[in-house]
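>
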Amino acid sequence: AGLPGWQKLLKVAAGELRKSDSVVGVIQPTLDKDKPSSRELEAAAQLLEDDLGEEAFRKVITAALKVSNGLHPDFLRRRSTLLEIPFRAILTTNFDLLLKGATPTPEAYRRLLREGWGGPWDPRYWPEASRTDGESTSASMRLPGSPIVQLHGRIDSEKLVFSGRDYRRHLFSDSSYLTFLKALFATRTV
1 AGLPGWQKLL KVAAGELRKS DSVVGVIQPT LDKDKPSSRE LEAAAQLLED
51 DLGEEAFRKV ITAALKVSNG LHPDFLRRRS TLLEIPFRAI LTTNFDLLLK
101 GATPTPEAYR RLLREGWGGP WDPRYWPEAS RTDGESTSAS MRLPGSPIVQ
151 LHGRIDSEKL VFSGRDYRRH LFSDSSYLTF LKALFATRTV
């Protein structure tokens, strides 16, 4: 899609720090590595978020995730195909806006776990079968596909899971999130 990866996002955020800042000296070796571990990147993200503050950090990440020269056609084709597959739902830990969905809330959990689903024969996946004679099957006429839940929040929301503290807060401070995950894994194929 043309978005930067985790390491590049952290480099962009590190660029917002003052060069004399001690945090730069601590995280720079991690950001310069060829393949830092996810644990190292998580620690660097936590240091950056602590130094910049949650709101400023989120603004930097949001700006870095803007696609300036348009989305790659391969990505657009793959996303279109994904949305046409009759999944019960799509869960993603990505917080970008390329596959925009509901943020983790009790309402989103309830919809996903309790509301009925027509299965793969649901008309929303078969626009040809659900149209009346003379209707066009253009993309604008298509019904929406699977509901999407962005488990780590969205960059345009207040909740964003990016650093170690965010993961812990999300998992252990929000009992509905952990209950939702347990119920989902116990009752659905994921």
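Residue numbers for the sequence shown, in the working numbering: 1 to 190.
Using N, Cα and C, we set each Cβ at its ideal position, and we do this for glycine too.
No experiment lies behind these values; they were computed from the predicted model shown.
1) Taking the DSSP output, what are the residues bridged to Val149?
2) Name the residue from Lys8, Gly15 and Ile148 whose alpha carbon lies nearest to the alpha carbon of Glu84.
3) Could you compute how far the alpha carbon of Gly53 sits from the alpha carbon of Arg168?
4) Go through its chain and collect everything with a Cβ distance to Asp96's Cβ below 7 angstroms, but skip five positions before and after it.
5) Using a Cβ-Cβ cutoff of less than 7 angstroms, which residues in the same chain neighbour Gly134 once the five nearest sequence positions on both sides are dropped?
6) Val60: buried (16+ other C-beta within 10 angstroms of its C-beta) or exposed?
7) When DSSP labels each residue in this structure, what does Leu10 get in the three-state scheme?
8) Go ahead and pull the three-state DSSP assignment for Leu65.
9) For the structure I just gave you, are there three or more beta carbon pairs, one from the segment 92-112 and one from the segment 160-177, closer than 8 angstroms?
Here's the rundown:
1) Leu91 and Ala102, per the DSSP bridge assignment.
2) The residue among Lys8, Gly15 and Ile148 with its C-alpha nearest the C-alpha of Glu84 is Ile148.
3) For Gly53 and Arg168, the distance between alpha carbons rounds to 17 angstroms.
4) Within the same chain, Asp96 has close Cβ partners Leu3, Leu65 and Ile155.
5) Residue confidence for Gly134 is low, a pLDDT of 49 falling below 50, so the modelled location carries little weight; the figure read from the coordinates is stated next. None.
6) Buried.
7) Helix, per DSSP.
8) Leu65: coil per DSSP, three-state reduction.
9) Flag = yes, the segment 92-112 and the segment 160-177 touch.
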